[in-house]
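Numbering (the working numbering), first residue to last: 221 to 639. Working notes, beginning with the structure itself.
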């Protein structure tokens with residue numbers, strides 16, 4: 221018996237709209253006369269009745285996925301050729317033997333197939349999928365701090381504004397890459413004001429101590445990490461993280477396989493925290509690789525500089541991302557069912573090499589102030605568009621109002637970066 225509910229009716233309406241749109245396009249192309257159009261419409265209606273029965277059955281079948289511990293669903297590249305449907309650990313992908321019709325559902329990161337195979341190419345339009353992607357069971361917020369060397373001071377200014385407007389009060393998952401991991405840990409343990417002070421003490425004498433010639437030959441690194449370790453010994457601690465409800469991760473890149481790895485650090489002691497911070501910021505040839513837990517690591521920014529994909533896999537549907545690049549790199553990673561807010565500046569992109577190693581207190585202070593100004597503009601934008609209240613209140617019923625991607629464009633951000 222067909223399940224005639226709101227979900228199925230919505231799906232049927234979607235199918236009708238698609239067919240009528242296709243019919244209109246066909247009529248424009250072929251300039252069909254009125255009589256021809258009448259017969260064409262008649263056959264389309266008959267087809268739609270059959271389609272309704274088929275589609276309702278298909279939508280009912282998707283309910284069997286509920287037995288797999290249902291959570292939020294998102295759709296990658298909706299309605300495009302390379303469509304992928306993701307339902308927790310189950311991924312629906314186009315079967316290469318028939319790119320048009322078949323979807324095979326598999327456990328993510330596994331070759332084991334699950335017995336859910338749909339032959340109707342419109343199954344990804346099923347109203348249940350669309351409804352669940354726009355109406356999650358709960359709001360889960362992630363914070364991603366990108367890598368970027370000395371540019372990272374900008375993040376402290378943005379975090380200060382986020383904190384003032386209570387956007388950091390209930391973060392579920394945090395991830396930091398390279399210098400972003402430093403900011404994340406300092407913020408968690410010391411709060412904003414003290415973290416800003418620590419950042420201003422992170423100067424070139426700490427970061428850029430040249431290796432002796434013999435060390436350069438053995439480690440293949442221009443600079444030593446010894447002074448950085450002394451600095452971290454002084455400021456790194458784990459008193460608040462260990463009891464925090466927020467899951468905290470540092471992203472690393474394994475060498476030489478170049479596989480990204482996310483390490484949960486909540487329970488790490490001081491020694492392991494220092495090791496993981498050195499590992500995530502080990503830029504090849506500049507600092508060389510580092511060893512941690514029996515593995516070799518280099519700076520994760522060489523492959524994945526943001527951790528956005530990881531937060532999405534963790535179920536985050538609102539992601540606050542502080543980028544350190546002027547390009548809309550993050551926009552390519554935005555997905556249906558996820559609101560990605562990029563707090564970066566289109567004007568903030570100090571030189572590629574100089575920007576990474578430019579650790580000077582007076583410049584760090586300016587970068588923090590610049591981040592504060594840009595973030596204040598973002599708050600104004602979020603308030604004017606009604607987004608800020610949704611972020612603050614975290615009501616599930618308001619989630620569908622959020623756009624997929626938010627970032628200040630050049631017209632909205634007129635504050636130039638001076639250095």
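Ideal placement from N, C-alpha and C gives every residue a C-beta, glycine not left out.
query: For the putative contact between residue 631 and residue 565, defined by C-beta atoms under 8 angstroms, what is the C-beta separation to the nearest angstrom?
result: Not a contact, Cβ separation roughly 13 angstroms.
message: In the DSSP output, what is residue 652 paired with across the bridge?
response: Absent from the structure is residue 652, since the part of the chain shown begins at 221 and ends at 639.
- prompt: Just the Cα atoms here: how many angstroms apart are residue 480 and residue 517?
  reply: 10 angstroms
message: Looking only at its chain, what residues have a beta carbon closer than 8 angstroms to the beta carbon of residue 467, apart from the 5 residues adjacent to it on each side?
response: 392, 393, 394, 484, 486, 534
field: Segments of 3+ residues assigned as beta strand (DSSP E) that fall wholly inside the stretch 352-398
entry: 361-365, 393-397
message: Pull the bridge partners of residue 484 from the DSSP assignment, please.
response: 469
query: Going by other Cβ atoms of all chains shown within 10 Å of its Cβ, with 16 needed for buried, is residue 472 buried or exposed?
result: buried
message: Since residue 409 and residue 457 should fall inside the 8 angstroms C-beta cutoff, what is the C-beta to C-beta distance between them, to a whole number of angstroms?
response: 6 angstroms
field: Where residue 634 sits in the DSSP three-state scheme
entry: Coil at residue 634, not helix or strand.
Proximity below 8 angstroms, CB of residue 554 to CB of residue 625: Yes, Cβ-Cβ distance for residue 554 and residue 625 is below 8 angstroms.
query: Going by DSSP, what residues sit across from residue 559 in a beta bridge?
result: 538
query: What three-state label does DSSP hand residue 475 in the structure shown?
result: strand
Nearest-angstrom beta carbon gap, residue 370 and residue 578 [assumed within contact, 8 angstroms]: 4 angstroms
- request: Between the Cα of residue 363 and those of 539, 522, 474, spot the shortest distance and give me the residue it belongs to.
  value: 539
query: Just curious, the alpha helix (DSSP H) that residue 589 is in, first and last residue?
result: For residue 589, the enclosing alpha helix (DSSP H) has its first and last residue at 581-604.
field: Alpha-carbon spacing of residue 542 relative to residue 399, whole angstroms
entry: 12 angstroms
message: Tell me the residue span of the alpha helix (DSSP H) that contains residue 449.
response: 446-455
- prompt: Excluding sequence positions up to five away, which residues of its chain have a Cβ less than 8 angstroms from the Cβ of residue 592?
  reply: Taken in chain order, the residues that qualify are 377, 378, 380, 381.
task: Using DSSP bridges, identify the partner residues of residue 625.
output: In the DSSP output, where bridge partners are listed per residue, residue 625 has 560.
message: Just verifying my parser: in three-state terms, what is the DSSP assignment at residue 526?
response: coil
- prompt: Is residue 568 helix, strand or coil by DSSP?
  reply: coil
- prompt: Given residue 390, which residues of its chain have a CB within under 8 angstroms of its CB, disregarding the five upstream and five downstream residues?
  reply: 361, 614
field: Sub-8 angstroms separation of residue 477 and residue 367 beta-carbons
entry: no
query: How many Å lie between residue 590 and residue 372 at the Cα?
result: In a straight line, the C-alpha of residue 590 is about 12 angstroms away from that of residue 372.
- prompt: Which residues mark the beginning and the end of the alpha helix (DSSP H) in which residue 499 is found?
  reply: Unbroken alpha helix (DSSP H) run through residue 499: 490-500.
Local Cβ density within 10 Å of residue 594, reported as buried at 16 or more and exposed below that: buried
query: Cα-Cα, which of 599, 406, 556, 397 is closest to residue 499?
result: 397
- prompt: Whose CA, out of 606, 492, 411, 419, lies closest to the CA of residue 514?
  reply: It is 492 whose Cα lies nearest to the Cα of residue 514.
- request: Give me the Cα-Cα distance between residue 497 and residue 401, rounded to the nearest whole angstrom.
  value: 7 angstroms
message: Report the CB separation of residue 622 from residue 610 in whole angstroms; it is logged as a contact under 8 angstroms.
response: 6 angstroms
query: Which class does residue 460 belong to by DSSP, given the choice of helix, strand or coil?
result: In the structure shown, residue 460 sits in coil (DSSP, three-state: anything other than H, G, I, E or B).
- prompt: Do you know whose CA, among 599, 385, 528, lies nearest residue 552's CA?
  reply: 528
task: Please classify residue 543: does DSSP put it in a helix, a strand, or coil?
output: coil
- prompt: At which residues does the alpha helix (DSSP H) containing residue 503 begin and terminate?
  reply: No alpha helix (DSSP H) holds residue 503; DSSP gives it neither H nor E.
- prompt: In its own chain, which residues sit with a C-beta less than 7 angstroms from the C-beta of residue 550, not counting the 5 before and 5 after it?
  reply: 526, 528, 541, 543, 560, 562
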